[in-house]
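>
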Amino acid sequence: MTNMKTTTLSLLAIAAAFPVTAQQPDRTAPPPLEEPPTLTLPAIQQFTLGNGLPVMLMEKHQVPVVQVTVLVGVGTANDPAERIGLASMVGDMLDEGAGDRDALALADAVDFLGARLSTGAGTSSTTASLYVAVDKLDDALPLLADVVLRPTFPPDELERKRASRLTSLLQAFDEPRAIASVLFARALYGEHPYGNTPLGTVASINALGVDDLRRFHADYFTANNATVIVVGDLTRDVIESQLEQVFGGWATGDVPATGLPTVPPVREREVLLVDKPGAPQSEIRIGRIAAPRLTDEYFALQVLNTVLGGSFTSRLNQNLREDKGWTYGAGSSFGYRTLPGPFLASSAVQTDVTADALQEFFKEFDAIRQPVPAEELTRAKNYEALGFPAAFQSVRGIARSLEEIVEYDLPRDYLNHYVDRILAVTERDVQDVARRYITPDRFAIVIVGDRETIEPGIRALNLGRVGVLSVEDVLGEKPEGTANNE
């Protein structure tokens with residue numbers, strides 16, 4: 010959410026001194042949003058290579074560029090319990106040496122072509138993406154294939170990444186935002202994989218070895234556990250033959266099960282206070298386990314969140330920032346995943362108004378459970394609908410949307426109907442999902458701040474049991490000082 014201060018210049022004095030006959034615009038209310046445009050996208054084309062590797066293609070011919078993304082069906086939620094951080098380390102290491110090139114030679118080859126190569130792991134998938142001019146694709150595709158099929162995982166690069174991660178963990182001890190995020194996930198999910206820190210712990214990071222990375226890659230990086238997504242200025246007959254040359258030999262295999270345990274039930278409300286002496290602000294996280302990505306309530310939840318905390322003009326931001334001036338920003342989100350993801354409302358507020366800010370959060374939670382006024386509902390739907398086409402102005406934006414379709418097996422015409430589904434959301438739809446998921450008596454409340462200053466006010470609110478933790482309770486063993494070799 011953009012944290013830009015919006016100001017309005019008063020023209021009362023000027024208007025009094027220089028009266029005009031023309032009608033002046035009303036600056037006390039936001040201007041009406043324009044009608045959402047109709048979004049028409051090229052058809053999604055699907056085919057498979059000779060080895061069964063599925064390909065999803067969307068042509069976009071306005072600019073002579075292309076993005077090719079290989080999405081593999083494994084992510085950080087699939088980390089072994091004793092190797093938390095393994096998937097994200099594999100994602101980070103894919104381009105640190107591949108084929109017959111070391112990390113520097115690979116980077117030089119990509120730069121020489123004017124291309125961009127990126128890799129990384131999410132909660133349930135790992136991706137490698139190539140962005141390049143169409144006339145350089147023949148030379149660039151083999152580099153992407155090396156990264157996906159033949160990463161070398163050099164020991165010296167692993168040690169560099171290990172040192173970098175330990176440094177990040179060390180820095181987190183002084184970052185209330187990081188502390189709050191780690192504890193919030195754990196408060197909701199406990200020992201479930203969704204409660205883990207994707208980067209890992211000191212113990213798990215130190216335990217990772219090259220053999221772990223190679224085994225993980227061999228187990229999950231198979232043609233029957235991947236999809237190639239292509240967006241850009243080319244046609245199927247061109248890209249199919251190019252992909253066949255570099256990925257046609259990718260073998261299939263027996264992929265370990267990637268199913269996850271059921272998420273824990275939503276618990277009664279509790280307050281977790283982490284003491285950060287001298288902190289000038291309090292980091293606040295409030296929420297609960299909510300809905301999975303594949304829910305019929307998705308569009309109503311999107312509109313609900315826009316009203317509550319998903320835009321600059323949302324209720325939370327207008328209250329805590331614009332009205333009270335306690336924060337640079339306040340907002341909310343639904344984190345959609347394969348299994349039910351989190352609803353989160355958050356802000357960083359001045360220490361001396363921590364309790365007051367909590368009260369305002371809960372006032373807004375209570376209010377959103379009531380019917381949303383028709384004008385506010387219309388504005389929220391239009392805001393969501395107007396913002397959607399922006400994702401399709403670039404091949405990278407389109408590719409990210411296609412990744413979501415693949416990852417969650419969404420209908421192939423999902424994108425073309427998105428705006429219509431948003432505009433069809435009713436007041437009753439929003440109230441129903443608000444009452445189902447905005448449940449103040451079932452929220453976990455995480456606060457990181459100066460305990461001595463904020464604890465009395467928090468306890469006076471009687472929000473529930475208050476547990477007090479140290480930073481070490483949240484982050485565990487503190488890493489020894491280490492240089493960041495990134």
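Residue numbering for the sequence shown follows the working numbering, beginning at 10 and increasing consecutively.
Idealized CB from N, CA, C, for every residue including glycine.
From a predicted model like this one, the values you see are computed outputs, not experimental measurements.
Using DSSP's beta-bridge definition, name the partner residues of S291.
Your numbering for residue 291 matches position 282 in the sequence shown. Looking at the DSSP assignment, S291 forms a beta bridge with V358.
> Per DSSP, what are the beta-bridge partners of E416 in this structure?
Taking the sequence shown and counting its residues from 1, one reaches residue 416 at position 407. None; E416 has no bridge partner.
> So the alpha helix (DSSP H) L122 belongs to, where does it begin and stop?
Here residue 122 refers to the residue found at position 113 of the sequence shown. Following the DSSP letters along the chain, one finds L122 in no alpha helix (DSSP H), marked with neither H nor E.
> Restricting to Cα atoms, I'd like to know which of V247, R445 and I293 is closest to L329.
The residue you call residue 329 lines up with position 320 of the sequence shown. Closest by alpha carbon: I293.
> Would A137 and V156 be called neighbours here (beta carbons separated by less than 7 Å)?
Within the sequence shown, residue 137 is the residue found at index 128, counting from 1. Within the sequence shown, residue 156 is the residue found at index 147, counting from 1. Cβ atoms of A137 and V156: closer than 7 Å.
> List the whole-angstrom C-beta distance separating L296 from L353, where the pair is believed to meet the contact cut-off of C-beta under 8 Å.
In the sequence shown, residue 296 corresponds to position 287, counting from 1. In the sequence shown, residue 353 corresponds to position 344, counting from 1. Going by the sequence as given, residue 296 is Gly instead of Leu. The Cβ separation is near 4 Å, so the contact holds.
> Taking the alpha-carbon of A366 as reference, which of G268, D147, E412 and L470 has the nearest alpha-carbon?
On the sequence shown, residue 366 is found 357 positions in, with the first residue counted as 1. It is L470.
> Where does K69 land, buried or exposed, given buried means 16+ other C-beta within 10 angstroms?
For this step, residue 69 is matched to residue 60 along the sequence shown. The residue is buried, with at least 16 neighbouring Cβ atoms inside 10 Å.
> In the DSSP assignment, find the beta strand (DSSP E) that holds A339 and state where it starts and stops.
In the sequence shown, counting from the first residue as 1, residue 339 sits at position 330. Residues T336 to F343.
> Quick check on V275: does DSSP put it in helix, strand or coil?
Working through the sequence shown from its first residue, we reach residue 275 at position 266. In the structure shown, V275 falls within a coil segment according to DSSP collapsed to helix, strand and coil.
> Can you tell which of D88, P185 and L197 has the C-alpha that lies nearest to the C-alpha of S479?
The residue labelled residue 479 in the question sits at position 470 within the sequence shown. Out of D88, P185 and L197, P185 has the C-alpha closest to the C-alpha of S479.
> Which partner residues does E68 have in the DSSP bridge list?
Position 59 of the sequence shown, counted from the first residue, corresponds to residue 68. G241.
> Do you know how far the Cα of F162 is from the Cα of R223?
Along the sequence shown, one-based indexing puts residue 223 at 214. Along the sequence shown, one-based indexing puts residue 162 at 153. Approximately 7 Å, taken between the alpha carbons.
> Which whole runs of the alpha helix (DSSP H) in the region 184-227 are 4 residues long or more, in chain order?
185-198 and 211-216
> Any chance you could list the alpha helix (DSSP H) runs of at least 4 consecutive residues sitting entirely within the region 84-169, in chain order?
If we require 4 residues or more, the alpha helix (DSSP H) runs fully inside the region 84-169 come out as 95-102, 112-121 and 146-158.
> Rounded to whole angstroms, what is the Cα-Cα separation between E385 and E436?
Here the question's residue 385 lines up with position 376 in the sequence shown. Here the question's residue 436 lines up with position 427 in the sequence shown. If I take the Cα positions, the gap works out to 10 Å.
> Exposed or buried, which one is H226 when buried takes at least 16 other CB atoms within 10 Å?
Position 217 of the sequence shown, counted from the start, is the residue given in the question as residue 226. The residue in question, H226, is buried, as its Cβ has 16 or more Cβ neighbours within 10 Å.
> Restricting to Cα atoms, I'd like to know which of A149, I467 and R378 is closest to L252.
As a first step, residue 252 must be located in the sequence shown, where it is residue number 243. Measuring from the Cα of L252, the nearest candidate turns out to be A149.
> Round the Cβ separation of N233 and G258 to the nearest angstrom and send it over; I've been treating them as touching at under 8 Å.
Counted from its first residue, the sequence shown places residue 233 at position 224. Counted from its first residue, the sequence shown places residue 258 at position 249. Not really, about 14 Å apart at Cβ, beyond 8 Å.
> In whole angstroms, give me the CA-to-CA distance for T128 and A309.
In the sequence shown, counting from the first residue as 1, residue 128 sits at position 119. In the sequence shown, counting from the first residue as 1, residue 309 sits at position 300. T128 and A309: Cα-Cα distance of roughly 33 Å.
> Where do the ends of the alpha helix (DSSP H) carrying A232 lie?
Position 223 of the sequence shown, counted from the first residue, corresponds to residue 232. Looking at the DSSP string, A232 is not in any alpha helix (DSSP H), and its letter there is neither H nor E.
> Skipping 5 residues on each side, what residues in its chain have a beta carbon closer than 8 Å to that of Q55?
On the sequence shown, residue 55 is found 46 positions in, with the first residue counted as 1. Closer than 8 Å at the Cβ level, and outside the excluded window around Q55, lie P63, V64, M65, L66 and R421.
> Leaving out five residues on either side along the sequence, give the residues of the same chain with a beta carbon under 7 Å from the beta carbon of S177.
Indexing the sequence shown from 1 puts residue 177 at position 168. Same-chain partners within the cutoff: L208.
> Enumerate in chain order the residues of its own chain whose CB-to-CB distance from Y140 is below 6 Å, with the five nearest sequence positions on each side excluded.
Working through the sequence shown from its first residue, we reach residue 140 at position 131. Excluding sequence neighbours, Y140 sits near Q76 and R125.
> Give me whichever residues DSSP pairs with D375 in a beta bridge.
For the purposes of this step, residue 375 is taken as residue 366 along the sequence shown, with counting starting at 1. DSSP, once it has assigned bridges, lists no residue as partnering D375.
> For L478, which three-state DSSP category applies?
For this step, residue 478 is matched to residue 469 along the sequence shown. Correct three-state label for L478: strand.
> Count the C-beta pairs between the region 327-341 and the region 261-276 that are closer than 8 Å, then say yes if the count reaches three, no if not.
no
> DSSP on F352, reduced to helix/strand/coil?
As a working note, residue 352 is residue 343 in the sequence shown. In the structure shown, F352 sits in a strand (DSSP, three-state: E or B).
> Between which two residues does the alpha helix (DSSP H) carrying T315 extend?
Start at 1 with the first residue of the sequence shown, and residue 315 comes out as number 306. Residues Y307 to L317.
> What is the rounded straight-line gap between the Cα of D450 and the Cα of D438?
Numbered from its first residue, the sequence shown carries residue 450 at position 441. Numbered from its first residue, the sequence shown carries residue 438 at position 429. Taking the straight line joining both Cα atoms gives about 21 Å.
> Measuring straight from C-alpha to C-alpha, what distance separates G406 and T462?
The residue labelled residue 406 in the question sits at position 397 within the sequence shown. The residue labelled residue 462 in the question sits at position 453 within the sequence shown. For G406 and T462, the distance between alpha carbons rounds to 45 Å.
> Please report the distance separating the alpha-carbon of N314 from that of A112.
Stepping through the sequence shown from its first residue, residue 314 is reached at position 305. Stepping through the sequence shown from its first residue, residue 112 is reached at position 103. Their Cα atoms are separated by approximately 42 Å.
> For T30, count neighbouring C-beta atoms within 10 Å of its own C-beta (all shown protein chains included) and say buried if the count is 16 or more, exposed if not.
Position 21 of the sequence shown, counted from the first residue, corresponds to residue 30. Note that T30 scores a pLDDT of 35, beneath 50, so its modelled location is shaky; the value from the coordinates is reported in the next line. Flag for T30 reads exposed.
> According to the Cβ coordinates, are V247 and A142 closer than 7 Å?
Against the sequence shown, residue 247 aligns to sequence position 238. Against the sequence shown, residue 142 aligns to sequence position 133. Cβ atoms of V247 and A142: not closer than 7 Å.
> Taking F230 and A154 to be in contact with their CB atoms under 8 Å, please state how far apart those CB atoms are, rounded to whole angstroms.
Counted from its first residue, the sequence shown places residue 230 at position 221. Counted from its first residue, the sequence shown places residue 154 at position 145. About 12 Å; that fails the 8 Å criterion.
> In terms of residue numbering, what span does the beta strand (DSSP E) encompassing Q327 cover?
Residue numbering aside, residue 327 sits at position 318 when the sequence shown is read from its first letter. From DSSP, Q327 is part of no beta strand (DSSP E); its letter is neither H nor E.
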